[in-house]
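Below is one structure; the comments refer to it alone.
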Amino acid sequence: FGNPREYKLSGELLINGKPKNLKHTSDAIKSGIAYVTEDRKREGLILIQDIKNNITLGNLNSLSSNGIINENEEINVANKYKDDLTIKAPSIEQLLSNLSGGNQQKVSVGKWLFTEPKILILDEPTRGIDVGAKYEIYTIMNRLIDEGLSIIMISSELPEVLGMSDRIYVMAHGEITGELNIKDATQDEIMKMATN
Numbered sequence: 032f033g034n035p036r037e038y039k040l041s042g043e044l045l046i047n048g049k050p051k052n053l054k055h056t057s058d059a060i061k062s063g064i065a066y067v068t069e070d071r072k073r074e075g076l077i078l079i080q081d082i083k084n085n086i087t088l089g090n091l092n093s094l095s096s097n098g099i100i101n102e103n104e105e106i107n108v109a110n111k112y113k114d115d116l117t118i119k120a121p122s123i124e125q126l127l128s129n130l131s132g133g134n135q136q137k138v139s140v141g142k143w144l145f146t147e148p149k150i151l152i153l154d155e156p157t158r159g160i161d162v163g164a165k166y167e168i169y170t171i172m173n174r175l176i177d178e179g180l181s182i183i184m185i186s187s188e189l190p191e192v193l194g195m196s197d198r199i200y201v202m203a204h205g206e207i208t209g210e211l212n213i214k215d216a217t218q219d220e221i222m223k224m225a226t227n
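Residues in the sequence shown are numbered consecutively from 32, following my numbering.
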């Protein structure tokens with residue numbers, strides 16, 4: 032999902048025990064991985080476009096034949112995710128710039144759910160949204176987990192990490208510094224691992 036040149040990445044990605052070599056975003060999508068960026072306004076959404084165009088953007092091939100988008104199917108898909116994710120807007124033609132931060136975040140999640148991932152990576156999923164919208168995002172996350180989706184949540188909010196996780200990996204300076212099961216996790220223990 033992008034690798035700025037100033038970052039040197041190392042390590043190995045295994046999915047179901049099998050190594051995956053992902054060079055492009057399309058490789059990740061084909062492998063069933065979706066990433067919801069922490070900066071939805073700059074990197075995740077096109078604010079001057081509507082809900083429909085943003086939700087379907089990540090998987091237009093599934094709506095196209097011979098390079099022509101089936102607009103009726105696109106409308107159906109957008110309405111499905113608008114309803115499933117309780118996006119509060121008068122219609123799918125609503126511009127994203129007119130939505131609240133929480134509803135923009137739901138559109139961003141919907142865009143990646145439309146790619147039918149097996150693994151959904153949520154980077155700071157509740158940054159910049161109000162308490163009510165946070166609860167709605169948590170509810171969506173729990174529902175997706177119940178439906179069998181694996182979620183990797185990246186968060187700097189310790190109460191969020193403790194409330195939404197079953198396993199916690201702590202990182203500092205690009206390195207994993209610890210792993211905790213939720214029953215053993217406390218804010219103090221996480222902070223110790225993060226600062227060592």
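By construction, the Cβ of each residue, glycine as well, lies at the ideal position given by its N, Cα and C atoms.
Once the 5 residues before and after Ser126 are set aside, which same chain residues still bring their CB inside 6 Å of it? In the sequence shown, residue 126 corresponds to position 95, counting from 1. With the sequence shown as reference, residue 126 is identified as Leu, and Ser is not the correct amino acid for it. Closer than 6 Å at the Cβ level, and outside the excluded window around Leu126, lie Asp81.
How long is the line joining the alpha carbons of Ile221 and Leu153, rounded to whole angstroms? The residue you call residue 221 lines up with position 190 of the sequence shown. The residue you call residue 153 lines up with position 122 of the sequence shown. Near 19 Å, if we compare the C-alpha coordinates of Leu153 and Ile221.
Express the C-alpha separation of Gln218 and Pro190 in angstroms, rounding to a whole number. On the sequence shown, residue 190 is found 159 positions in, with the first residue counted as 1. On the sequence shown, residue 218 is found 187 positions in, with the first residue counted as 1. Cα to Cα, the separation comes out at about 8 Å.
List the DSSP bridge partners of Arg198. To locate residue 198, count along the sequence shown from 1; it is residue 167. The partner list for Arg198 (beta bridge, DSSP) reads Asn212.
What first and last residue would you give for the alpha helix (DSSP H) that runs through Leu144? One-based indexing of the sequence shown puts residue 144 at position 113. DSSP places Leu144 inside the alpha helix (DSSP H), whose first and last residues are Gly132 to Leu144.
Check whether the region 175-185 touches the region 142-159, taking contact to mean three or more Cβ pairs, one atom from each stretch, closer than 8 Å. Judged by Cβ distances under 8 Å, the region 175-185 makes contact with the region 142-159, as three or more pairs qualify.
Residues bridged to Val67 by DSSP? As a position in the sequence shown, residue 67 is number 36, starting the count at 1. Paired residues: Leu153.
Counting along the chain, where does the beta strand (DSSP E) carrying Ser128 start and finish? Residue numbering aside, residue 128 sits at position 97 when the sequence shown is read from its first letter. Here Ser128 belongs to no beta strand (DSSP E), and DSSP marks it neither H nor E.
Do the region 133-145 and the region 100-113 make contact, defined as three or more Cβ pairs closer than 8 Å? Contact between the region 133-145 and the region 100-113 is present, because at least three Cβ pairs lie under 8 Å.
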